[in-house]
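K.L.:
When the letters of the sequence shown are read in order and numbered with my numbering, they come out as residues 41 to 255.
First, the structure itself, so that you have it in front of you.
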Amino acid sequence: MRIFLDTANVEEIREASELGVISGVTTNPSLIAKEGRNFQQLVKEITGLVDGPISVEAVAQEAGQIIAEARILAAMGDNVVVKIPVTSQGLKAVKVLARENIKTNVTLIFSANQALLAALAGATYVSPFVGRLDDAGHNGMEVVADIVTIYAQYGMETEVIAASIRHPLHLLEAARIGADIATVPYGVLQQCLRHPLTDVGIERFLADWEKVKDR
Ligand code: E4P
């Protein structure tokens with residue numbers, strides 16, 4: 041199990057990286073827009089901060105244009121993975137990019153069948169959106185579990201990134217069902233790390249130590 045950080049904020053990436061728990065980063069156009077920075081400079085900086093896959097999304101809609109954009113994005117860093125939405129144009133692009141050894145993360149996955157098709161087209165990763173499925177009244181984690189089962193059954197090499205993670209239980213469930221990766225917002229990572237009993241325990245140990253340290 042690996043954890044990626046789901047953000048385009050360099051401070052968050054630096055902090056999480058120092059913890060030693062993240063091995064990649066995922067961004068999307070909304071996360072990039074939130075930073076209000078020059079796109080190319082921001083991506084360059086992020087690729088230098090983490091020595092692992094950095095997903096950057098292509099915004100073109102037609103296969104030839106997606107391929108052209110993906111080549112430009114991939115040239116921005118050895119660790120860049122091109123995120124491509126799961127459309128027919130997107131899958132055509134994934135097929136071509138796979139032959140060029142350009143890594144892809146097929147995104148906006150909302151069903152196991154979409155993930156199956158993405159794997160057959162040659163996706164390096166797929167990103168099922170758990171939180172958005174939950175929001176729509178479905179069980180997002182069931183979709184992730186189905187994808188994990190199908191890929192294992194046929195020895196498919198595409199890795200499953202549980203995405204749109206909203207709270208610590210999502211991470212726990214993703215780990216339980218065998219998702220290869222969960223991409224987690226910084227706030228959720230903090231929630232997963234902290235526990236009130238850990239804070240109380242440290243307080244008590246320090247208070248007791250104060251009583252005896254000068255004896
Ligand atoms: C990551 O790949 C996705 O872009 C991200 O997890 C979406 O999360 P959201 O549904 O909270 O926007």
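The beta-carbon is built from N, C-alpha and C at its ideal position, and this holds for glycine as well.
For Leu233 and Ala222, what's the separation of their Cα atoms in angstroms?
P.N.:
15 Å
K.L.:
Closer than 6 Å: is that where the CB of Thr144 sits relative to any heavy atom of the ligand E4P?
P.N.:
No, the ligand E4P has no heavy atom inside 6 Å of this Cβ.
K.L.:
Taking the beta strand (DSSP E) that Thr66 falls in, what are its first and last residues?
P.N.:
62-66
K.L.:
How about the region 122-132 and the region 145-159: do they share at least three Cβ pairs that are nearer than 8 Å?
P.N.:
yes
K.L.:
I'd like the list of long-range same chain contacts for Arg42, defined as Cβ closer than 6 Å, with 5 residues on each side in sequence excluded.
P.N.:
Ser63, Ile221
K.L.:
Is Pro93 helix, strand or coil when you go by DSSP?
P.N.:
coil
K.L.:
For Gly130, tell me which candidate among Gly117, Asp118, Leu160 has the shortest Cα-Cα distance.
P.N.:
Leu160
K.L.:
What number of angstroms, rounded off, separates the C-alpha of Leu173 from the C-alpha of Ala185?
P.N.:
13 Å
K.L.:
According to DSSP, which residues form a beta bridge with Asp46?
P.N.:
Thr66
K.L.:
Under 6 Å from any heavy atom of the ligand E4P, does the C-beta of Asn49 make it?
P.N.:
Not one heavy atom of the ligand E4P is found less than 6 Å from the C-beta of Asn49.
K.L.:
Can you tell me whether Asn179 sits near the ligand E4P, meaning its C-beta is under 6 Å from at least one heavy atom of the ligand?
P.N.:
For Asn179, the distance from the CB to the nearest heavy atom of the ligand E4P is not below 6 Å.
K.L.:
DSSP three-state label for Ser151, please.
P.N.:
coil
K.L.:
Got a sec: does the ligand E4P put a non-hydrogen atom nearer than 6 Å to the Cβ of Thr66?
P.N.:
yes
K.L.:
Any heavy atom of the ligand E4P closer than 6 Å to the beta-carbon of Thr223?
P.N.:
yes
K.L.:
For Gly72, which residues of its own chain have a beta-carbon under 7 Å away from its beta-carbon, when the five flanking residues on both sides are left out?
P.N.:
One point to set straight first is that residue 72 is Ile, not Gly, in the sequence displayed. Only Ala48, Phe79, Leu82 meet the Cβ criterion.
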